[in-house]
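Residue numbers (the numbering used here), protein chains in the order written: chain B, 21 to 289; chain P, 20 to 630; chain Z, 560 to 896.
Using N, Cα and C, we set each Cβ at its ideal position, and we do this for glycine too.
Keep in mind that this is a model prediction, so the values were computed, not measured.
These notes are about the structure you will find just below.
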Amino acid sequence: MTLPAEKAPAAGPAAGKLVAEHVTVVFGHGRRAHTVLDDVGLTVPEGTTVGLVGESGSGKSTLAKAMVGLVRPRSGRILLDGAEVSGLRGARLTAARRRIQLISQDPNSSLDPRMRIGRALAEAIDPRRADPRAHADQIAAGLEMVALEPDAARRHPHEFSGGQRQRIAIARALVARPEVVVADEITSALDCSVQAEVLNLLARLRAELRLTMLFISHDLAVVRHVSDSVAVMHRGAIVERGDIYAAPSHPYTRRLLASAPSLPPKETR
Amino acid sequence: MIRSSRGLAAGLAGLGLIAVLAVAAPLVWGGDAAHLSGAAREGVSGEHWLGTDALGRDVLARTLVATRLTLVMTVIATAIAGTIGVLLGTAVWVAGPRVREIGLRLIDVMVSYPAIILALAVAAILGAGTVAAVVAIGVAWSPAFARLTANLAASVAGRDFVSAARLLGVPPHRILVRHLLPNIAEPLLVLLSVAFAGTLTALSGLSFIGLGVQAPSYDWGALLNTGLDALYTNPAEALGPAVAITLTGVLAGFVGDGLAAGADPHRVGIPGRVKKVPLPAAPPEDDGALLTVDGLCVSAGDVDLVDGVSFTVRPGEIVGVVGESGSGKSLTAMAVARLLPDTVTADARALRLDDLDLLAGAAPDRLATEIGVVYQDPAASFNPALRIGGQLTEVLRRHRGLGRRAARERAAEALDAVRITRPEARLRQHPHELSGGMRQRAMIASALLTGPRLLIADEPTTALDVTVQAEILELLREANRRDGTAMLFISHDIGVIASLCHRVLVMYAGRIVEELPVADLAAGRARHPYTRALLDATPRLDTDGDGGAELTTIPGRPPAPADRPAGCAFASRCALVMPRCTEERPAAVAVGTDHRAACHAVALTVEETAS
Amino acid sequence: MTAAVQEAPAPGPVKAGGRVRNPWIGFLLRRLAGLAGVLVALVAVTFLMVQLIPGDPARALAGTDATGAQVARFRHELGLDRPLPAQFGSYVSGLLHGDLGTSFQTREPVADVIAGRLPFTAELALLAILLVLAVAVPLGMAVAVATRGGRRRRLDAAFTFATGLLGATPEYVLGTLLVLVFAITLRLLPAAGASSLSALVLPVVAVALPSTCVLARIVRRETAVVLNQDYMRTARGRRLPPLALYARHALPNLLTSTLTMGGLMLTAMLGGTIIVESVFAWPGLGGRVVQAITNRDYPVIQGTVLVLGILAALLNLLIDVLLGLLDPRTLTARSRS
């Protein structure tokens with residue numbers, strides 16, 4: 021597959037679509053204070069996917085939450101198109117938030133169990149009224165985008181498998197027409213063959229929609245499969261970015277790569 | 020979702036009847052209840068089924084008529100409690116984190132005080148009387164609602180779909196109405212029925228001790244009070260209101276139980292009948308196998324979750340079982356360990372560890388010392404209430420007869436062997452004081468403590484980080500090299516299996532579809548279409564470029580255990596499917612040394628090559 | 560809900576060996592601070608009880624047919640004509656000197672009234688609580704073990720029905736029925752009074768039985784949950800005999816969850832005790848406070864509510880300490896919810 025031209029970051033000082041600058045996040049107060057992110061900088065250029073790998077407790081999910089505004093950094097800034105979004109409040113925060121959408125890990129918790137799929141998507145299109153009839157066409161288009169039948173709109177989340185629910189969560193994020201998508205471990209709760217479905221879907225959407233995406237996972241192979249460039253996170257800091265697979269320089273990256281069990285070859289004859 | 024049950028239906032029907040009575044009784048029996056018959060404190064008779072009171076009024080009529088006042092008071096008090104409580108709980112949750120913290124603490128303190136003490140204070144302020152009692156009990160019950168509302172709202176608000184709604188720009192009040200309230204309605208309904216019974220009891224209690232309804236009005240509590248005075252002359256006078264209060268409370272309890280059972284995630288599953296599988300006609304052949312599994316079935320009710328699995332593990336061999344969720348791999352492992360949950364039953368033609376028959380009754384000493392088990396979730400597999408030392412030493416003390424000190428020394432050595440620092444100090448710690456990786460190493464130490472002949476490891480690295488996983492795998496390799504411990508290693512990750520095991524079993528839909536030496540797997544000689552699809556569906560670190568390359572997906576989903584077809588379970592998803600596949604279950608055919616695949620298409624090519 | 564900031568997720572696993580402080584110190588400090596807060600709140604509530612009487616408290620207390628001069632004198636006697644802070648000051652300083660006021664009705668010091676009655680209430684409540692714990696825990700466990708995995712459907716149904724019925728029977732109704740059966744019909748036990756040891760039996764049973772049923776159901780459900788936990792499978796993997804399995808591995812865990820949920824019920828039994836005292840003419844605080852409320856004898860009401868509140872607070876503290884002993888993790892948790 022030939023890589024699209026947008027892989028190269030656009031020139032200029034505000035090269036990133038979504039940028040984290042010196043972001044520090046501290047949970048708790050006083051003696052119980054616990055620094056989760058320590059001066060983290062990360063840039064997601066327009067039209068590319070940046071992968072973020074790290075182990076549990078490395079702070080990668082907190083960075084995702086900070087990027088979308090669910091966690092407020094103690095210091096540092098989050099910039100969208102060069103404008104700061106991390107300090108916003110009220111209506112301007114709401115407006116900025118719709119431009120960055122988060123897809124989360126747990127297929128059991130990502131959809132409201134009491135709400136039909138159609139209404140969940142309608143809510144993403146029109147958060148105030150959430151009327152599925154008014155947006156039937158857009159809902160059907162959204163479902164088709166993730167390869168689901170339009171009649172899925174009439175069903176409840178429990179009628180779908182984990183992989184289907186993750187696809188619905190992707191559709192919900194995309195019908196809001198976000199400029200950036202943050203995907204936090206969206207395949208880690210899925211079985212291997214189902215994961216392949218979701219990864220293929222993401223690959224297709226990246227090509228078709230020129231998605232700008234921050235893709236977070238603990239799985240080096242999955243991140244490599246999805247991303248244009250990769251950053252490695254360890255203990256609240258980004259320790260390495262760039263071509264970590266061919267020439268890892270940080271010892272932690274090397275350890276991570278060495279620990280990953282390698283897969284047997286597909287087939288030989 | 021609320022599932023209806025007989026208790027729930029009976030409770031609702033009973034309460035409905037009582038409500039009808041509350042409306043009708045004063046109209047029908049109002050006259051009798053006030054009529055002074057002149058026969059005071061008469062016993063039970065045909066005319067007065069429950070006798071008469073001190074003024075000669077019919078007790079049954081009065082009990083029935085009192086239904087209205089009692090029920091109205093109870094409903095109003097419950098409504099007050101629910102309204103104040105839900106509003107307070109919502110307010111506490113809507114407020115910022117600081118206020119929420121303080122508010123929750125206050126509510127906690129209030130909940131921990133007996134409602135009756137609060138009610139006494141309110142009754143003291145307002146004076147004894149109907150209104151005072153209703154307000155008192157209503158206020159006294161409101162903290163319970165406030166706490167439940169606040170706690171439920173907090174737990175629902177922490178779920179991903181609420182953050183998603185916030186990110187989509189759904190206004191806060193709409194999140195409350197659209198997402199939060201519907202998702203907390205069920206437990207609130209349960210509490211409502213509990214509170215109904217509670218306020219009924221408390222209101223009647225206040226009237227009973229003279230602080231509630233005052234004469235000439237009367238409710239069940241007031242009637243019970245006068246009945247108590249007449250206990251020696253006409254016991255039936257107390258029985259009427261006693262039965263009324265209790266019956267209504269029980270019915271409300273039925274409703275609460277029914278609602279709670281419908282909403283309870285901990286509901287115990289329905290177990291299956293014990294399945295009879297004919298005993299083996301002849302012992303299966305095996306040459307020096309340590310573990311022999313022949314025709315193992317694990318079933319829940321009539322449904323086979325594991326469907327005729329046969330394999331062996333040789334001394335010193337690491338056998339891996341790989342499969343996706345629902346393939347039956349963990350049930351197979353737990354059946355071998357004889358640790359299946361109560362809800363399923365296992366049977367087999369043969370299940371043997373060397374000379375120990377695992378199908379026969381207990382040989383606890385041998386089972387405990389010859390089979391070691393490492394479980395998936397190291398956080399949940401240690402008892403949180405007991406220290407590490409006590410948990411590690413109990414096998415040695417119970418089954419090896421070691422003394423306390425000797426057992427602790429052995430346990431410390433075992434911890435040291437899995438490279439846990441300061442083993443003596445660890446023995447005195449509780450499990451929550453150890454990190455996840457350390458807990459799993461301690462679990463391995465515990466499993467190896469008795470020098471078992473077979474170690475069963477059920478997804479032991481799934482909950483762990485990849486660097487920790489590498490350490491754990493190295494420990495297992497080391498134990499295998501050092502002690503020659505044979506292992507049955509379960510994983511969903513074919514890469515992990517390939518890096519650790521000598522021989523691999525691939526499971527799909529409760530059956531083994533392929534069995535092959537790891538050398539064949541590593542050389543790309545996997546034959547079964549499912550095994551190959553699994554390999555193709557996994558993203559790789561070594562060959563893939565940056566992004567994009569299409570992964571192979573397997574269309575469809577594995578069949579549910581109850582829907583498995585008569586033929587090959589993989590047929591509906593298989594690219595090589597033939598008519599025969601849907602009709603006839605494929606037998607395992609040898610395709611190499613120690614390499615068998617259960618596939619008609621593979622069998623066909625084997626035949627062709629042979630001919 | 561405006562703030563976008565979410566509460567911090569729990570930090571990573573507790574680092575082994577990182578502990579510098581005994582967790583009991585922090586626990587006790589926090590609990591003592593909580594107890595002090597509760598005391599302050601109780602004092603404030605009992606003080607305000609008089610102030611909150613609708614209309615003019617002095618007129619309400621002096622009675623409807625009192626003359627204006629009588630009301631004024633009464634107001635002055637009670638100090639109700641002084642500013643609120645001054646009233647509160649003298650109320651608190653009185654409490655600090657052990658002065659709970661004087662009964663309007665009998666002119667006895669309230670402290671003496673309570674001292675004479677409290678032992679009876681405490682005796683009844685504590686015996687009942689011990690009985691509840693002693694019966695409900697083994698019963699609930701035994702039923703849970705016997706019916707695990709859906710075994711013995713009939714026992715399950717019988718247990719559910721019996722405990723549902725008895726658990727829904729209010730203490731005072733049960734007390735009345737017990738008197739009817741055991742005192743009046745069978746003449747086995749005294750119906751009222753506190754003159755002999757046998758007089759204790761019926762009141763204690765009346766207070767304890769409904770709570771026993773409710774707690775037994777909680778224990779049974781919690782046991783079923785505990786039996787399904789992974790660590791119980793680990794314990795089964797060690798092939799322990801049943802006694803070691805249930806007593807050593809299941810009991811501490813289910814006591815933790817049972818006390819967390821059932822603790823509230825134990826304090827609520829204080830309330831049941833108060834009402835049951837009326838059935839048996841038990842000379843405890845219950846009968847006295849009812850009499851005081853009927854007669855609007857405020858000093859006695861205030862004193863009793865204060866003492867009962869303190870009793871409940873101590874009971875709560877005791878439960879928290881028990882929980883801390885059973886499961887050290889609860890020491891660092893914020894509350895029992």
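Item: State the start and end residues of the unbroken beta strand (DSSP E) segment that holds Tyr527/P.; Value: Arg522 to Tyr527
Item: Any beta carbon of chain P sitting closer than 7 angstroms to that of Pro729/Z?; Value: yes
Item: Hey, out of Gly74/B, His49/B, Val43/B and Gly67/B, whose CA is closest to Val250/B's CA?; Value: Gly74/B
Item: Rounded C-beta distance between Leu358/P and Arg792/Z? I'm assuming under 8 angstroms.; Value: 5 angstroms
Item: For Ala44/P, list the residues DSSP reports as bridge partners.; Value: Ala44/P pairs with nothing; no bridge assigned.
Item: Do you know offhand how far Ile236/B's Cα is from Ala365/P's?; Value: 41 angstroms
Item: Measuring alpha carbon to alpha carbon, tell me which of Val838/Z, Leu818/Z and Val609/Z ends up nearest Val773/Z.; Value: Leu818/Z
Item: Where does Glu566/Z fall in DSSP's three states?; Value: Caution is warranted here: a pLDDT of 33 is assigned to Glu566/Z, below 50, making its placement in the model unreliable, and no coordinate value can be reported.
Item: Identify whether Pro536/P lies in helix, strand or coil by the three-state DSSP scheme.; Value: strand
Item: For Ala367/P, which option in Val317/P, Asp384/P, Pro360/P and Gly345/P has the closest C-alpha, if you only look at C-alpha atoms?; Value: Val317/P
Item: So what's Phe235/B in DSSP terms, helix, strand or just coil?; Value: strand
Item: With DSSP as the reference, label Leu923/Z as helix, strand or coil.; Value: Any answer about residue 923/Z is impossible in this case: the structure gives chain Z only from 560 up to 896.
Item: Output yes if chain P places a C-beta closer than 7 angstroms to the C-beta of Thr782/Z; else output no.; Value: no
Item: Taking just the CA atoms, how far does Arg109/B sit from Ser161/P?; Value: 34 angstroms
Item: Taking 8 angstroms as the cut-off, does the region 198 to 210 of chain P touch the region 81 to 99 of chain P (at least 3 CB pairs, one atom from each stretch)?; Value: no
Item: With a Cβ-Cβ cutoff of 7 angstroms, do Ser212/P and Asn875/Z count as a contact?; Value: no
Item: Is there a Cβ from chain P that is less than 7 angstroms from the Cβ of Met860/Z?; Value: In the sequence as presented, Met is not what sits at residue 860/Z; that position holds Ile. It does; some Cβ of chain P falls within 7 angstroms.
Item: For Gly268/P, decide whether its Cβ has a neighbour in chain Z, counting only Cβ atoms nearer than 7 angstroms.; Value: yes
Item: Looking at the unbroken alpha helix (DSSP H) that takes in Thr782/Z, where does it start and where does it end?; Value: Ser757 to Leu786
Item: Excluding five sequence neighbours on each side, which residues of the same chain lie with their C-beta closer than 7 angstroms to the C-beta of Ser902/Z?; Value: Only positions 560 to 896 of chain Z appear in this structure, which leaves residue 902/Z out of reach.
Item: Is there at least one Cβ from chain P nearer than 7 angstroms to Tyr790/Z's Cβ?; Value: yes
Item: Residues bridged to Pro65/B by DSSP?; Value: Gly36/B
Item: Closer than 7 angstroms by C-beta to Pro127/B: which residues in its own chain qualify, once you throw out the five before and the five after it? Chain order, please.; Value: Gly182, Arg185, Gln186 and Ala209
Item: Quick one: complete alpha helix (DSSP H) runs, 4+ long, within the region 384 to 467 of chain P?; Value: 397 to 400, 407 to 418, 423 to 436, 442 to 446 and 455 to 467
Item: Taking the C-alpha atoms as reference points, what is the distance between Gly611/P and Ala622/P?; Value: 12 angstroms
Item: Just to make sure I have the definition right: I need the residues of chain B whose C-beta is within less than 7 angstroms of the C-beta of Gln488/P. Which are they?; Value: Ser279
Item: Using only alpha-carbon positions, find the residue among Leu266/P, Pro450/P and Gly62/P that is nearest to Gly723/Z.; Value: Leu266/P
Item: Quick one: which chain P residues come within Cβ less than 7 angstroms of Thr273/B?; Value: What Thr273/B touches in chain P: nothing, since even the nearest Cβ is about 11 angstroms away.
Item: Grab the span of the alpha helix (DSSP H) containing Ala248/P for me, first residue to last.; Value: The sequence given here places Asp at residue 248/P; Ala does not occur at that position. Here the alpha helix (DSSP H) through Asp248/P covers Trp239 to Asp248.
Item: If we require 4 or more residues per run, which alpha helix (DSSP H) segments fall completely within the region 73 to 127 of chain P?; Value: 78 to 113
Item: Short of 8 angstroms in beta carbon distance, which residues of its chain neighbour Ala672/P, apart from the five on each side in sequence? Order them along the chain.; Value: As shown, chain P starts at 20 and ends at 630. That puts residue 672/P outside it, with no answer to give.
Item: Considering just the uninterrupted stretch of the beta strand (DSSP E) at Val332/P, what are its terminal residues?; Value: Val322 to Val332
Item: Closer than 7 angstroms by beta-carbon distance: list the chain B residues that pair up with Arg178/P, in chain order.; Value: Ser129
Item: Buried or exposed, going by whether 16 or more other CB atoms sit within 10 Å of the CB of Lys574/Z?; Value: With a pLDDT of 39 at Lys574/Z, under the threshold of 50, the modelled position of that residue is not reliable, and no figure is offered here.
Item: Does the region 462 to 477 of chain P come close enough to the region 493 to 502 of chain P that 3 or more CB-CB pairs lie under 8 angstroms?; Value: yes
Item: List in chain order: all unbroken alpha helix (DSSP H) runs of 4+ residues lying wholly within the region 540 to 596 of chain P.; Value: 548 to 556
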